[in-house]
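See structure below.
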Amino acid sequence: MKKIVLQGSLLILLFLGSWFALRQIDWMNIFEVEKAKDNTQESLGELFLETYTQAENQNFNSQVVEPMDSIINHIAKANAFDREYIKVHIIEKDEINAFALPYGHLIINSGLILNCDNQEELIGVICHEIAHIELDHVMKKLVKEIGLSVLISMASGNSGGDVIKESLRVLSSSAFDRSLEKEADLKAVDYLVKAKVDPEPFAEFLYKISKLESDATQYFNWVSTHPASKERATYIIEYHDNELSDYQSILTTETWESLKAELAKSSNHLVN
Amino acid sequence: MISTQEFSYIPAEAEAEAASNSYLMSLIAIIAGLPLPIINLIATLVFYLGNRRSSYFVRWHCTQALLSQFSMLFINSYAFWWTISIIFQDESISSEYIAYLIVAIVFNLTEFIATIYTAIQTRKGIHVEWWFYGNLTHTFCKEEI
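Protein chains in written order, with the numbering used here: chain S, 1 to 272; chain E, 1 to 145.
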C-alpha cells in the first residue's frame with residue numbers, strides 16, 4: 001500500500017512539477033496569441049464597420065468629429081488607456097443608439113447625441129461603451145451568441161453576408177449580460193470620475209430614458225435593449241455616492257451647441 | 001513504466017481477446033470522447049461492469065484500463081472547463097493555461113501509446129502491468145471474486 005501511495009504521489013508531483021516548469025515559459029509570446037487575437041478582431045471590426053456604413057451615412061464633418069475626438073482624448077488621457085485603439089464613427093441616424101464593434105470601433109448615432117440634454121450625458125454613454133471595449137466584452141458577446149468557429153470563418157472571409165448582418169444586429173441591438181452591463185456601468189463611472197466629469201447626468205440620462213422604456217420604439221434602441229435602466233441609474237448613483245471631485249466640462253458650451261446644431265442640420269437634411 | 005509480468009496462469013484465447021478489448025474500448029471512445037472527457041471513462045466503465053464476473057485475467061485488465069481512464073478524467077475535465085471558461089466567461093488565455101494544455105496533451109499521449117501497446121500485448125496473452133496502475137489494480141482486483 002505504501003508503494004502505491006508513493007507512486008501515486010510521484011505521478012501527481014510529476015504532473016504538477018511539469019506544469020510548474022512549463023509555466024515559466026512565455027507561451028503567449030511564443031505562440032503570438034495576442035497578435036492572432038488582434039488580427040481576428042481587426043478583420044472582424046473592419047468587416048462589421050464596412051457592412052454597417054454601407055447602409056448608413058457616416059458624418060465626417062470636422063465640427064462634429066473634432067468635439068467627439070476631444071471627448072475621447074480627454075477620457076483616454078485621464079484613464080491612461082490607448083487612445084489610438086478607440087475609433088469613433090458618427091452615424092447619421094435618428095435611432096438613440098451607441099454600440100461597440102470589435103477592435104475598438106465605437107459607433108454613435110446622431111440621434112443619441114441630439115437627445116442628450118448636456119455633454120455629460122453623452123460622455124457617460126461613451127464611457128459605458130468604452131468600458132465594454134476595454135473589458136473585452138464585445139468579443140465575449142460575439143463568441144457566446146455567434147460561436148467561435150463562425151467568427152474565425154468570418155475573419156478569414158469565408159462567411160456569407162447574412163451571417164455578418166445577423167452578427168451586426170446582435171452587437172447593435174441587444175444588450176450584454178446583466179453582469180457585464182453592470183461592470184461596464186461602474187467602470188464608466190470610474191472613467192468619468194477620473195476625467196473629472198460628473199457621473200450624475202449619466203444616471204439621470206438612464207432615469208430619463210427609463211420613463212421612455214414603456215413606449216420604447218425603434219428610436220430608443222440603446223435604452224430598450226439595456227434592461228432595467230432605472231435600476232442601473234440607482235446603482236450608478238449609489239456607486240458614485242462617495243466619490244467627490246471638482247467636476248469640469250470637456251467641451252465649451254459653444255462647442256457642444258455647435259456640435260448639436262451641425263448634427264441637427266444633417267438630420268434635417270436627411271429628412272428632406 | 002510498463003513491465004511484462006508473469007500472470008498466475010496462462011490465459012485462454014478468448015480471455016486475451018476480452019482483456020485486449022478493454023483497452024481498445026477506451027481508444028474507440030476517444031473519437032467520441034474528445035470534447036467530453038467523461039465519455040472515455042463511461043465507455044471503459046460499461047465494459048468493466050460487463051466483465052466484472054469474467055475470469056481473473058479479463059477482470060484485472062478491465063480494472064487497469066478503468067483506473068488509468070479515471071485519472072485522465074481529472075486532468076482532461078480541468079482542461080475542458082478551463083477552456084469553456086475562457087470562451088464563455090471572463091478567463092483569458094495565459095501562459096499558465098497553455099502550459100497546462102501541453103502537460104495534459106503529453107500525459108494523454110503517453111496514456112494513448114501505453115494503451116495501444118498494452119492492447120496488442122494482452123491480445124497475445126502477455127500480461128502487462130503499468131507503473132502505479134498495476135499495483136493499484138492488484139489492490140482492487142483479487143483472484144477470488
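The C-beta atom is built at its ideal place from N, Cα and C for all residues, glycine as well. From a predicted model like this one, the values you see are computed outputs, not experimental measurements.
- Of all residues in the region 99-118 of chain E, those with a C-beta nearer than 7 Å to a C-beta of chain S are Ala99, Tyr100, Ile102, Val103 and Phe107, reading in chain order.
- Judged by DSSP in its simplified three-state form, Val138(S) adopts helix.
- Take Val58(E), set aside five residues on each side of it, and the residues of its chain with a beta-carbon closer than 6 Å to its own are Glu15, Ala18, Ala19 and Asn51, in chain order.
- With the criterion set as a beta carbon lying under 9 Å from some beta carbon of chain S, the members of the region 69-100 of chain E are Ser71, Ile75, Ile87, Phe88, Gln89, Asp90, Ser92, Ile93, Ser94, Ser95, Glu96, Tyr97, Ile98, Ala99 and Tyr100, in sequence order.
- Per the coordinates, the alpha-carbon of Glu34(S) lies some 7 Å from the alpha-carbon of Met28(S).
- Judged by their CB atoms, Asn61(S) and Glu92(S) are not nearer to each other than the 7 Å cut-off.
- By the criterion of at least three beta-carbon pairs nearer than 8 Å, the region 91-99 of chain E is not in contact with the region 126-141 of chain E.
- The beta carbons of Glu121(S) and Pro201(S) sit closer together than 7 Å.
- By the neighbour-count criterion, in which 16 or more other beta carbons inside 10 Å mark a residue as buried, Met68(S) falls on the buried side.
- The beta-bridge partner set that DSSP reports for Leu101(S) consists of His105(S).
- Taking each of Glu134(S), Ser43(S), Glu56(S) and Thr253(S) in turn and checking the Cα distance to Ala76(S), the smallest one comes out for Glu134(S).
- Annotation for Ile146(S): Ser167 place their beta carbon closer than 6 Å to its own, counting only its chain and skipping 5 residues before and after.
- The CB of Trp19(S) comes closer than 8 Å to the CB of Ala99, Tyr100 and Val103 in chain E, given here in chain order.
- Contact between the region 74-93 of chain E and the region 113-133 of chain E is absent, with fewer than three C-beta pairs closer than 8 Å.
- Between the region 97-106 of chain E and the region 251-262 of chain S, the count of Cβ pairs shorter than 8 Å is below three; the stretches do not touch.
- The C-beta of Asn135(E) comes closer than 7 Å to at least one C-beta of chain S.
- In the three-state reduction of the DSSP assignment, Trp130(E) falls in the strand class.
- With contacts defined by Cβ atoms closer than 7 Å, Ile236(S) and Asp185(S) form a contacting pair.
- Judged by DSSP in its simplified three-state form, Ile72(S) adopts helix.
- Boundaries for Val197(S): no beta strand (DSSP E) harbours it, and the DSSP string shows neither H nor E there.
- Residues of the region 46-58 of chain E with a C-beta less than 8 Å from any C-beta of chain S: none at all.
- Pairing Met72(E) with Trp60(E), the inter-Cα distance amounts to about 19 Å.
- Within the region 20-31 of chain S, contact with chain E at the beta-carbon level (separation under 9 Å) is assigned to Phe20, Ala21, Leu22, Arg23, Gln24, Ile25, Asp26, Trp27, Met28, Asn29, Ile30 and Phe31.
- Bounds of the beta strand (DSSP E) holding Ser3(E) are Ile2 to Gln5.
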